[in-house]
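Notes follow once the structure below has been shown.
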Amino acid sequence: MSIRRIGILGGTFDPIHWGHLDVAAAAVSELKLSRLFIVTSNVPPHRPQPLASPFHRFAMVSLALLDRPNTWRAVDVELRHEAPSFTSHTLELFHARGYLPSDLFFVIGADAFLEIASWHDYPRILDAANFAVVSRPGFSVKELPLRLPDLASRMARPPLDEVQRQPLIILLDAPTADVSSTAIRQRLANREPITGLVPPPVQQHIEHHGLYSSMTPDRRGSGVTQTWTAGRLHDKE
Ligand code: ATP
Ligand code: MG
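Quick note on numbering: the working numbering labels position 34 of the sequence shown as 21, and the sequence is numbered without any gaps.
Quick look at the structure:
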């Protein structure tokens, strides 16, 4: 098997939480990944905007990785351009750096994978990397062959064959924390505690900057009216 087994976990991370870290840890241990890249997404202006700016979302991902091995990296590749990012373009960047599709494992929750047919470059994207799909509370990978019957023949469970060239959809039934960024944002807007839902440095960052204290998006960088909830320069602004 290739020694280059690269995991890529994409998301808006608005904010990152223990569920994301559980998903990543499950993929790293079950698939023996040599690296895990956490890629914060830019969100197209016509889609519902994250509440926190890309800068804050990336900062929180970095803080969540403070106590992880340095094989886990926060990657800013999708934030370097104003244009919205597509996973297929990000995977092409990895190919351009010399990685084969069979080296790459795009890590994704079962809830998100159920929407895969709506992704840019579908179905070609399934040939660009292995997809490591992890159960999420309420979304078991056991249901996937029935819910996505057209893709069932590409689905596999570990242990995988030693030599595997054709990218697969790998189903991982690992437990992950029952938490979502939506629930965290809602709790913060309601002034409810979020202890235990995110790593302590992420919680400190949220509190320090007053993130998510209202449900108004931070729109810096998206070219729309600027009404952010954190990052004011003066209290009276
Ligand atoms: P939101 O509520 O804003 O959609 P989220 O918690 O779903 O946030 P995302 O940034 O949308 O987080 O998710 C990034 C990736 O992590 C997706 O592939 C998603 O399926 C996966 N994921 C998030 N939370 C979990 C979890 N608790 N268990 C398994 N997968 C998860
Ligand atoms: Mg989500």
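The C-beta atom is built at its ideal place from N, Cα and C for all residues, glycine as well.
This one's a predicted model, so the numbers in the text were calculated from it and none came from an experiment.
Under DSSP, W106 takes part in no beta bridge, so it has no partner. Put simply, the region 114 to 133 does not touch the region 24 to 33. Fewer than three CB pairs are less than 8 angstroms apart.
Under DSSP, N57 takes part in no beta bridge, so it has no partner. Listed by position in the chain, the residues whose beta carbon lies within less than 6 angstroms of some heavy atom of the ligand ATP are G(-2), T(-1), F0, D1, G6, H7, V10, I95, G96, D98, A99, V121, R123, T163, A164, V166, S167, S168, T169.
As DSSP reads the structure, M142 sits in a beta bridge with I156. If you check the CB distance, V26 and I(-5) come in under 8 angstroms. The region 70 to 90 makes no contact with the region 36 to 44: fewer than 3 CB pairs, one atom from each, lie closer than 8 angstroms.
As summarised for the region 48 to 98, the continuous alpha helix (DSSP H) elements at least 4 residues long and confined to that stretch are 74 to 83, given in chain order. Straight through space, the alpha carbons of T58 and I95 are spaced by roughly 19 angstroms. When R123, L198, R178, E179 are compared, the shortest CA-CA separation from G6 is found for R123.
V185 sits in a strand when the DSSP states are folded into three classes. Secondary structure at G197: coil, using DSSP grouped into helix, strand and coil. Per the DSSP secondary-structure output, R123 pairs in a beta bridge with F126.
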